[in-house]
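Residue numbers (the working numbering): 53 to 193.
Glycine is no exception: its CB is placed at the ideal position from the N, C-alpha and C atoms.
Owing to the predicted nature of the structure, the values given are computational and were not obtained by experimental measurement.
A quick write-up on the structure given underneath.
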Amino acid sequence: AAKTGSLYPNSGRMIVEAQSRGFDNALALDMNGNVAETASSNIFMVKDGVVMTPIANGTFLAGITRSRVLTLLRGAGFDVREVTLTAADFANADEIFTSGNYSKIAPVNRFEDRSLQEGPVARKALELYMDWARSTKGEDV
């Protein structure tokens with residue numbers, strides 16, 4: 053599957069720019085200036101106990117791992133919402149993590165000049181995902 057919209061061709065350039073600034077990755081914005089994903093994965097944030105991820109609007113690949121994380125967290129009782137998010141929302145997040153086929157669930161430990169710790173939601177999401185993966189014996193992971 054290929055990423056849709058104009059974000060995919062820019063992913064490599066985004067990573068290079070992020071690395072030149074001392075980061076591993078960067079937020080990708082859609083044509084309206086809202087957060088869509090990172091240069092290489094889907095993105096989640098937590099604020100006041102609510103888990104949020106950008107609403108799938110056709111400008112980015114809403115990945116299989118993202119979908120699985122949404123299902124698992126909702127099933128575990130988390131308040132999970134697909135919403136329009138801005139970079140300012142992420143700047144004020146209590147917790148940020150990514151999801152993708154390669155890394156599965158990965159905490160974000162720095163956003164601009166702010167250090168972040170791996171939070172309980174990212175830890176639980178990874179635990180739920182790995183339990184699910186083991187239960188399916190690697191099928192559809």
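Name the DSSP beta bridge partners of residue i, please?
| i | result |
| --- | --- |
| S151 | N94, I157 |
| E69 | Answer is none; E69 lacks a bridge partner. |
| T136 | According to DSSP, which records beta bridges pairwise, T136 is partnered with nothing at all. |
| D100 | Answer is none; D100 lacks a bridge partner. |
| A80 | E89 |
If distances are taken between C-alpha atoms only, which option among the options comes closest to residue i?
| i | options | result |
| --- | --- | --- |
| N153 | I95, D131, N86, R73 | I95 |
| I148 | R120, P172, A128 | P172 |
| Y181 | V87, L122, G129 | L122 |
| S155 | L113, A108, T117 | T117 |
| A82 | S72, G110, E134 | The residue asked about is misnamed: residue 82 is Asp in this sequence, not Ala. When each option's Cα is compared against that of D82, the closest is G110. |
| R133 | A91, R65, S72, A108 | A108 |
| A140 | L125, K99, R126 | K99 |
| L208 | W184, M97, R126 | Shown here, the chain extends from 53 to 193; a query on residue 208 therefore has no answer. |
| E91 | G85, G127, E170, R65 | According to the sequence displayed, residue 91 carries Ala and not Glu. Here the closest residue by C-alpha is R65. |
If you follow the alpha helix (DSSP H) that residue i is in, where does it begin and where does it stop?
| i | result |
| --- | --- |
| R120 | 116-127 |
| A177 | 172-187 |
To which residues of the same chain is residue i closer than 8 angstroms at the C-beta, ignoring the five residues directly before and after it?
| i | result |
| --- | --- |
| R186 | none |
| G115 | S93, N94, S151, G152, N153 |
Starting from residue i, trace the beta strand (DSSP E) both ways and give me its first and last residue.
| i | result |
| --- | --- |
| A145 | Per DSSP, A145 belongs to no beta strand (DSSP E) and is neither H nor E. |
Counting only the same chain and skipping the five closest in sequence on each side, list residues whose C-beta sits under 7 angstroms from that of residue i.
| i | result |
| --- | --- |
| I157 | V121, F149, S151, A174, A177, L178, Y181 |
| E69 | A78 |
| V160 | I148, F149, T150, L168 |
| F142 | L79, V87, M97, I148, F163 |
Here's a check: name, in chain order, each residue in its chain whose Cβ is nearer than 6 angstroms to the Cβ of residue i, leaving out the five neighbours to either side.
| i | result |
| --- | --- |
| E89 | A80, I95, F112 |
| F130 | V103 |
Counting Cβ pairs, one atom from each stretch, are 3 or more of them under 8 angstroms apart for the region 100-115 and the region 155-165?
-> No, the region 100-115 is not in contact with the region 155-165.
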